[in-house]
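Quick note on UniProt numbering: the sequence shown kicks off at 1 and runs consecutively. Below: the structure, in structure tokens.
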Amino acid sequence: MTEMSRREMGLADLLGNGKTLKEHRDEVLERTKTTGFYNGLEKLEFKEADPITYEKLFSRIRGGLVHARETAKKIAASPIVEQEGELCFTLYNAAGDCILTSTGIIIHVGTMGAAIKYMIENAWEINPGINPGDMFTNNDCSIGNVHPCDIATIVPIFWEGNLIGWVGGGNPRHRSRCNDTRFHVDRPGLAFRRWPAGDMPQDRH
1 MTEMSRREMG LADLLGNGKT LKEHRDEVLE RTKTTGFYNG LEKLEFKEAD PITYEKLFSR
61 IRGGLVHARE TAKKIAASPI VEQEGELCFT LYNAAGDCIL TSTGIIIHVG TMGAAIKYMI
121 ENAWEINPGI NPGDMFTNND CSIGNVHPCD IATIVPIFWE GNLIGWVGGG NPRHRSRCND
181 TRFHVDRPGL AFRRWPAGDM PQDRH
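Written as structure tokens, this is what we have:
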């Protein structure tokens, strides 16, 4: 009997290598622990071989994240974002670890990363699913968030059908209407949910 792939069995194979996101992340953690270098990378071969091109690419991606933050500041309804600039945009790899971040309030690098890792640890590629065009929002303090008025928006990045990373934006809401403690059992509003592609509120008719 031949071994069927995850895709042939109808299971998610977001990485295109037959491994779940959790299996992938566990391998990254094990290589990091064993070698003392993140994911076992003792050197960055591309950086050493072509440092100029490496820095150009680094600066272009970093510039894109900073530009996203500056654009969000100009169109935001929240004065916390528009006036104080309390937000950031961050790029993560498929394992949910930060690659690059914009300027801004850096604490959300960790809060958004925690939300991505929650999805990985709890097999969200199977239920509720992770697909191109999906968007995930989180303000749940039990899943990495600081307090309910901070809303993290997370989008998976796909290339040629495979998940290669994530991008996240941490954007606080107006705090005058926010819960005044981290957990409020009598005031609903904590949620970590998936918005399927084409099903965002502004897309509904």
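From the three backbone atoms N, C-alpha and C, an ideal C-beta is built for every residue, glycine too.
Proximity test, residue i beta-carbon vs the ligand GTP heavy atom, cut-off 6 Å
i   : result
S78 : Among the components of this structure there are no ligands whatsoever, and the ligand GTP is therefore not found.
Nearest to residue i (by Cα), restricted to the options the options
i    : options                   : result
P156 : N145, T137, S142 and G144 : T137
A152 : A197, L21 and C88         : C88
N139 : A115, E86 and N17         : A115
Buried versus exposed, by CB contacts within 10 Å (16 or more), residue i
i    : result
N93  : buried
L44  : exposed
W159 : exposed
N145 : buried
S78  : buried
T101 : buried
S176 : Caution applies to S176, whose pLDDT of 49 falls short of 50 and renders its modelled position unreliable; the model cannot decide the point.
G96  : buried
I154 : buried
I130 : buried
R25  : buried
Simplified DSSP assignment, three categories, for residue i
i    : result
T71  : helix
N171 : strand
Q202 : Here Q202 scores only 48 on pLDDT, less than 50, and its place in the model should not be relied on; the value that follows carries that caveat. DSSP places Q202 in helix when its eight states are reduced to three.
N138 : strand
P41  : Correcting the residue type first, residue 41 is Leu in the shown sequence and not Pro. Residue state, collapsed to three classes: coil.
Supposed close pair residue i, residue j - CB separation, criterion 8 Å
i    : j    : result
V66  : T103 : 6 Å
G168 : M119 : G168 to M119, Cβ: 12 Å. No contact.
N162 : L15  : 6 Å
A197 : P128 : Incorrect: roughly 13 Å between the Cβ atoms, too far for contact.
T20  : E125 : 7 Å
V38  : F46  : The sequence given here places Tyr at residue 38; Val does not occur at that position. Going by Cβ atoms, the distance from Y38 to F46 rounds to 15 Å, so no, they are not a contact pair.
Inset, instruction - Pick out the complete beta strand (DSSP E) segments inside the UniProt domain "Hydantoinase B/oxoprolinase" (50-168), 3 residues or longer, and give them in chain order. - result: 88-93, 98-101, 135-138 and 150-159
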